[in-house]
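Protein chains in written order, with our numbering: chain B, -15 to 353; chain U, -15 to 353.
Have a look at the structure below, then the notes.
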DNA sequence: CTGAAAGCGCTTACAG
DNA sequence: CTGAAAGCGCTTACAG
C-alpha cells in the first residue's frame, strides 16, 4: 500500500550553478565545467570565431585548421551550449507541443510520432498540458517564450481554442480533427480523413443489413450545437445516402470507457438498436460492456464499431471492428510542416498520404434475423 | 484512405529571426519584437537593473519604484526571456524526461504526473525517447546540454541503463521499478511497492482455493537471468510462504496484448492451470483472449489478474481484477525530488505514500470444483 | 535604495 | 582564410 521515496544527496553542488574551483567532494568525477568555445580555441591555437565556423560547418576554413579544431573539440569533449546558441542566433531547435491529454491512445500516439520526427531532425521536444482551469494565455505565452515552434494537437475543443489563440507571428503547425473551414487556412495543419472513414464504417454496417446505425460521439473540437465533428458527419452522410434518416446521436460527454458505458445505457436497452458506431475504441468498450449488462449479444443482437484501433482492440472479446488511424504519421507530418516554416523552406511541404482503414473483426455482423 | 496536409505560409518572417523593422506583411498584427528589460526600464524611467530586481522579487526597491516598473511591465506585456535568464543565471527551469515509451499506460500516466508537477512549479518539460538503435550517450549528452534536470523513467531495461549512464554531476531523479540495490542509493528515486502488491494479488488467488498461481511477466528492468522484477518476486514469495513451489514463470518478451496472447498459449492449453497473474493489464487482456480461443472460461476455469488498472480494465468482459497503481503520484514525487536537488533544498524531501491496491473484479474467482 | 560594469557562451557582421 | 568587435537579454557582484 505504499510508494517509497528515497533521496540521495551525493553532490551538493549544482551543475548548473556558477562554477568555482570548488574542491571535489567525495569520490567520483569532480564537477567539471563544460568546455567552451574559447577553451577549444586555446587548445587549437586559433581564435574562437574560427571554432564557431567549424562547429557550424561554415566555409572559409583551411583544411588543416579545421582538423586541428576538430581534434581539440574531440579532446575536450566540447558540445555547443544550446542556450547560448539560442540567445545569440535567435534560433531555437525546439518544438513545444500543446495538448490537453497525453494518455488517450490517439494523443499519445501522435505525440510519439512528433517525438520521433523531432529527434530525427535534431530538435528537442517540449510538452505543455492544456487544462480548462489554467490560464490559456499564460500557457501560450510561456510556450512562445521557450522559443522554437509550436505544434498544437487540436483534437478537442481545448486544443482548438488554444490554436485560435496562438499569435499570428509564432511559427506553429497543428494536427486537427477536421480541415479548417474557409479557403485560406490560417495555419499549416494535418488531419486524417475521419469523415470518409466514418462513412465507410457506417456503409459496412448498412451493407451487413442493418436498417440504421446509431452513433455515440466523442466530444468534438468543432461546435457542439450547430455543427458536429467529421466522424459524426461521415456517419450522417452515409445514412442519408442510403435514404435513412439519421437518429439522434448520443454521447459527446467523454472519451473513455466509463463515458461509453454511461452514455450507452439508452442504446443498450432499446431493442430496436442493432448497430452502433462509436467515436473511439474506448467508448466502444464501454458500449460492449453496457450491452453485456443489458443481456444483449455482440454481434448477434447488436454490432459495434469503434475508431482508432488502439493496440488492445483486437484482443478483447468480441474483438473490435474499428478504423485504423495513423496517428504517428500525423505527428510526423505536423512536425515536418513546422520545420519547413521554421527553416524557411523554399517549397511548400509535399502532401503526405497516411491511411485510415476499416479493420473488420468480431464485433460487427449481420443484424438478428 | 488518406491523410491530408495543408500548408499555409501566411508569415514569411520568422519570429525567432533577428528583428528588423520589416514591413508588416498582410493583415494581422505586425511582427512585434518582444519587450526587453531595457524597454521596461525606459518606460518606467529607471535603470534596467532595477527592472531585474523587480521581476526577481528582490528587496531593496522603493515601493513606488516597484509600482512604476510593474505598470510598465503590464503596459508593454513584458515577459522575461527564459533563454537569456538561463544563460545569465545558470539556472534552467526545465526538466527533461527520458523514457523508452510514451503510449503504454504506466508510462503515459507517469509522464502526466510529471507534467502537472512541472507546470505547477513553473518548469518546462521536455521529453526524449530512448531507443535501442539510438546512441544512448548522444541522447544523454543532448539532454544534459538542454540544461535543467533529468527524470528518467526506469521501468525497463533501456531506462535503467540510461539511468546508469547519467553523469554523477547532473541533477537527476528517477522513477524505478524496484528499490535500488545497496545501502547508498546512487540517485534520488521513487518507486511503488510492486513486490508487496504482487504478493497480495497472489495471496488473493491462493485464498480463493487455487493450488498454485502461474505468472506471465513483463520485461524487467533488472537482470533477466539471475534476478527478476519485483512483481515476479512478490508472486514467488507468496507461493513460497504458502508452501507451494513456484512454477516456471512465462513471458518477459513484451508489454502489449499481442505479447500476452502469444506468450500465453502454453498456459491456455494446459488444463492444470487455474490461475494466472500477469505483469500488466495489457498482457492480461491477451491471456483472456488466448483462454477464450482455448475454450476455457474466466473465472470459471481460470482466474486472471492484471497489474496497473488501466482505465478500460474495468469495462472489458470479464472485467479485470488488477492492482491499481498511482503512476501520476510517482511522476509528481519524482519531480519533487528533482526540484529539491535543483534548488538546493535544505531538507531532504519527505517520503510520500502513494498507494497500490488490489481491485477485485470479475476475472478472479474460485477454481473449478 | 539605485545605477554603471562585466559576463553567461555563443553568433553575426565587419575588418584585414 | 582568420581575427577583433559588438551584441543576444538577462544576471551577479560592485559601487555609490
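Here a beta-carbon is modelled for each residue, glycine too, at the ideal position from N, C-alpha and C.
Residue i versus residue j - alpha carbon distance
i	j	result
residue 69/U	residue 31/B	27 Å
residue 201/B	residue 221/B	15 Å
residue 186/B	residue 196/B	9 Å
residue 344/B	residue 159/U	40 Å
residue 57/B	residue 47/B	15 Å
residue 351/B	residue 257/B	10 Å
residue 12/B	residue 141/B	Residue placement at residue 12/B is poorly supported in this model, since its pLDDT is 35, which falls under 50; the coordinates still yield a value, given next. Those two C-alpha atoms are separated by around 51 Å.
residue 353/B	residue 87/U	41 Å
residue 15/B	residue 92/U	Residue placement at residue 15/B is flagged as unreliable, the pLDDT there being 49, under the threshold of 50; a coordinate-derived value is accordingly withheld.
residue 194/U	residue 230/U	13 Å
residue 76/B	residue 324/B	14 Å
residue 248/B	residue 289/B	13 Å
residue 8/B	residue 73/U	Because the pLDDT of residue 8/B is 33, which lies under 50, any placement of that residue in the model is unreliable, and the question is left without a value.
residue 64/B	residue 306/B	48 Å
residue 6/U	residue 44/U	Because the pLDDT at residue 6/U is just 32, under 50, the model does not fix this residue reliably, and the value given afterwards should be weighed accordingly. Using only the alpha carbons, I get a separation of about 40 Å.
residue 29/B	residue 115/B	54 Å
residue 273/U	residue 282/U	10 Å
residue 310/U	residue 176/U	8 Å
residue 204/U	residue 211/U	9 Å
residue 276/U	residue 250/B	29 Å
residue 113/U	residue 103/B	8 Å
residue 349/U	residue 190/U	10 Å
residue 108/B	residue 254/B	51 Å
residue 25/B	residue 33/B	8 Å
residue 19/B	residue 226/U	60 Å
residue 124/B	residue 153/B	13 Å
residue 59/B	residue 126/B	38 Å
residue 83/U	residue 320/U	18 Å
residue 17/U	residue 62/B	33 Å
residue 42/B	residue 326/B	20 Å
Which residues DSSP lists as bridging residue i, in chain order
i	result
residue 288/B	260/B
residue 237/B	The partner list for residue 237/B (beta bridge, DSSP) is empty, contrary to what the question assumes.
residue 308/B	292/B and 341/B
residue 107/B	Residue 107/B is not bridged to any residue.
residue 134/U	80/U and 156/U
residue 113/B	83/B
residue 201/U	235/U
C-beta contact flag for residue i and residue j at 9 Å
i	j	result
residue 284/B	residue 267/B	no
residue 162/U	residue 174/U	no
residue 287/B	residue 223/B	no
residue 106/U	residue 79/U	no
residue 235/U	residue 263/U	yes
residue 38/B	residue 22/B	no
residue 260/U	residue 199/U	yes
residue 340/U	residue 178/U	yes
residue 342/B	residue 188/B	yes
residue 182/B	residue 214/B	yes
residue 144/U	residue 206/U	yes
residue 170/U	residue 322/U	no
residue 265/U	residue 292/U	yes
residue 315/U	residue 67/U	no
residue 89/U	residue 233/U	no
Cβ pair count under 8 Å reaching 3, the region 97 to 117 of chain B against the region 49 to 56 of chain B: Flag = no, the region 97 to 117 of chain B and the region 49 to 56 of chain B do not touch.
Chain-ordered residues of the region 291 to 322 of chain B with a beta carbon less than 9 Å from chain U: Flagged, chain order: 294, 295, 296, 297, 298, 299, 300, 301, 303, 309, 310, 313, 314, 317, 318, 320 and 321.
Under 8 Å (Cβ pairs) to chain B, residues found in the region 24 to 52 of chain U: Hits within the stretch: zero.
The region 284 to 299 of chain U / the region 234 to 241 of chain B touching (three or more Cβ pairs under 8 Å): Touching, yes, given that three or more Cβ pairs across the two stretches are closer than 8 Å.
Stretch pair the region 143 to 151 of chain U + the region 120 to 132 of chain U: three plus CB contacts closer than 8 Å: Yes, since at least three Cβ pairs between the region 143 to 151 of chain U and the region 120 to 132 of chain U fall closer than 8 Å, the two stretches touch.
Validate contact between the region 125 to 138 of chain U and the region 124 to 137 of chain B using beta carbons, cut 8 Å, 3 pairs: Because the criterion of three Cβ pairs below 8 Å is not met, the region 125 to 138 of chain U and the region 124 to 137 of chain B do not touch.
Contacting positions in the region 244 to 270 of chain U - beta carbon closer than 7 Å to chain B: Hits within the stretch, in order: 245, 266, 269 and 270.
Contact set between the region 104 to 116 of chain B and chain U, restricted to residues whose Cβ is under 8 Å from the partner: Taking 8 Å as the Cβ-Cβ cut-off against chain U, the residues of the region 104 to 116 of chain B that qualify are 108, 109, 110, 111, 112 and 113.
Members of the region 212 to 241 of chain U near chain B, C-beta cut-off 7 Å: Listed by position along the chain: 240 and 241.
Proximal residues, the region 122 to 140 of chain B versus chain U, C-beta separation under 9 Å: Using a CB distance below 9 Å, the part of the region 122 to 140 of chain B facing chain U consists of 123, 125, 126, 127, 128, 129, 130, 131, 132 and 133, ordered along the chain.
Members of the region 272 to 292 of chain B that neighbour chain U once the beta carbon cut-off is set at 8 Å: For the region 272 to 292 of chain B, which is checked against every Cβ of chain U, the residues closer than 8 Å are 272, 273 and 276.
Contact residues within the region 51 to 69 of chain U, judged by C-beta distance below 9 Å to chain B: Residues 61, 63, 64, 65, 66, 67 and 68.
Contact residues within the region 165 to 194 of chain U, judged by C-beta distance below 8 Å to chain B: Going along the region 165 to 194 of chain U in chain order, one finds 168, 169, 170, 171, 172, 173, 174, 175, 176, 177 and 180 with a Cβ nearer than 8 Å to chain B.
Residues of the region 86 to 100 of chain B whose Cβ lies closer than 8 Å to any Cβ of chain U, in chain order: Answer set for the region 86 to 100 of chain B: 86, 87, 89, 92, 93, 95, 96, 99 and 100.
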